[in-house]
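Worksheet: one structure, shown below.
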Amino acid sequence: MKMKALIAVSAGVLILFAGCVHDPEVTDEDHIYQLLSTSSLVQMGGLEGSGGEMDGKDSTEVDLPEIWWREVTTEGSFEIVISGDVEAGVCTVTVDRNLYANFYVDVVHDLVVNPGVKTIECLRERRIIVERTGDSSSAPHGGWTIESITPAEFSLIDSSEQEVFIESMKLYRGEEVLLDCTSPNQFIDIENIPELSEGELVKLEVTVLHTNPLYEPPYFVYVHGPCPTWPRHLMYDDGNFGDVTAGDGIYTYEWYVEDSFIYYHKWRIAADVIDSDTMEDQVEEDYDSGAWCFPVIEV
Ligand SMILES: [Ca+2]
Ligand SMILES: [Ca+2]
Ligand SMILES: [Ca+2]
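Letter by letter, the sequence shown follows residues 4 to 302 in my numbering.
Listed below in C-alpha cells is the structure:
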C-alpha cells in the first residue's frame, strides 16, 4: 500500500518534470509583449537631453532658466493592454510605462550651476496596431508585426496637476511634410515613419495649450531631436528659426539634421511644453509638462 503511493507520487513528479522540459505553450499575448518590449520603435525615452538655448525671451515676466535638464531615476514596468480579438490576427495594444525622474532647474543667473530639483512622475503611453502577417509557427514573434503607432504621449500621473499640453506637431523636410499629427491617438503607418539623414534641412511646427496661464510667456516649447550641437532646442513664435508668422501660436524650429544624441542609440523627435510656473522658481514642487515623441529612422 505504502509502496504504491510512493510510485504514484514519483510518476506525478516525472510528469511535471516532463511538462517543464517540453516547450510551454507561448501565447499570442506573450509574442506581442516580446515584440513590443524589444522594439526600438516602441521605446519612449525620458527627454533627458541637454539644451544650448541661452538667448531670447528677455523683456518678459519669466526668463529662461540659466540651465535645466531632466534625469531619469527609475522606469515603471512595461505594461500592455490588448484590445480586440487576437484570434482575428489584428489588434490594438496600449503600452504604458511610468517614468520617474528629476527636473533640475537653475534660475539664478550667476554662471554657476546651482539648480533646485523638482520631482517628475510621468506616464508615457503609446498605442500600436499589431498584425499577424507571418507563419505563427516559424516566423519571429509568432508572425506578429507592428503596423502603425501613435506618438508616445507624456503626461503627469496626477492629471489634476497638468495644465500644459501638446496639441499638434508637423515635421517638414524642405517643403515636404513628413509627419502631421494632430492627436495623441493618431496612428502613423510604420512605413511613414520619417527617415532622416545628417545635413538635411528640417523644420518642426508645434501648437500647444495652457488651460490656466499665469505668466508671460505662459510656457516654453522645446524640440528634442537630432539638432545642432545639443539634442534639445527652444522653439520660437517670433518669426525666427523658420517661424512663418510671429505670434500665431505656431512654435517653430528649423535646423540641419545633426547626430547630437550622444547618449542615445536611436533618433527620435519630441515636442515638449513646460509650464512657466515650473520654470520661474527652483524650490516649488510644481513640475508641469506635456510631450509627444515619435521615432525617426537614421539613414
Ligand atoms: Ca546658476
Ligand atoms: Ca509662429
Ligand atoms: Ca512656480
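Don't be surprised by glycine CBs; every beta carbon is placed ideally from N, CA and C.
- Taken through DSSP and simplified to helix, strand or coil, A91 comes out as helix.
- Distances between the C-beta of E69 and the heavy atoms of ligand 1 include at least one below 7 Å.
- In the DSSP assignment, E179 falls outside any alpha helix (DSSP H) and lies within the beta strand (DSSP E) extending over 179-184.
- Bridge pairing for K269: absent [DSSP].
- T255 and F244 do touch by the CB rule: their CB atoms are close to 6 Å apart, below 8 Å.
- The beta carbon of V75 is closer than 7 Å to those of G49, E51, L102, A104 in its chain, skipping five residues each way along the sequence.
- Of the candidates S158, E64, S40, E64 places its Cα closest to the Cα of P216.
- Shown here for D192: same chain residues with a beta carbon closer than 6 Å to its own, the five before and five after excluded, namely S151 in chain order.
- Closer than 7 Å to some heavy atom of ligand 2: that does not describe the Cβ of A274.
- Excluding sequence positions up to five before and after M47, its CB lies within less than 7 Å of the CB of R100, R127, R129, A155, C296, all in the same chain and listed in chain order.
- One Cα belongs to G87, the other to T97, and the distance between them is close to 11 Å.
- Of the residues assessed, Y259 falls on the exposed side of the cut-off, its CB having fewer than 16 other CB atoms within 10 angstroms.
- Beta-bridge annotation (DSSP): M172 is paired with C184, V209.
- Per the coordinates, the alpha-carbon of T153 lies some 13 Å from the alpha-carbon of V299.
- Per the CB criterion, closer than 5 Å to any heavy atom of ligand 2, the qualifying residues run in chain order as D240, D246, T248, D251, I253.
- DSSP, reduced to helix, strand and coil, places S43 outside both helices and strands of the structure shown, so it counts as coil.
- For T255, the enclosing beta strand (DSSP E) stretches over residues 254-259.
- In the three-state DSSP reduction, P143 falls in the helix class (H, G or I).
- If you draw a straight line from the Cα of S42 to the Cα of E134, it comes to about 15 Å.
- Between ligand 3 and the CB of D289, the shortest heavy atom gap is smaller than 7 Å.
- Relative to ligand 3, the nearest heavy atom lies less than 7 Å away from the CB of T281.
- By a beta-carbon distance limit of 8 Å, E283 contacts V110. Their separation comes to about 7 Å.
- Taking C-beta separations shorter than 7 Å and ignoring five residues to either side along the sequence, the partners of E166 in its chain run H213, T214, N215, D278, D291, following chain order.
- Here the alpha carbon of E28 sits roughly 14 Å from the alpha carbon of S141.
- Residue state for Y218 is assigned as coil, using DSSP reduced to three classes.
- Judged by beta-carbon spacing, D262 lies within the 8 Å limit of E201, meaning their Cβ atoms are closer than that value.
- DSSP places T232 in no alpha helix (DSSP H); its state is neither H nor E.
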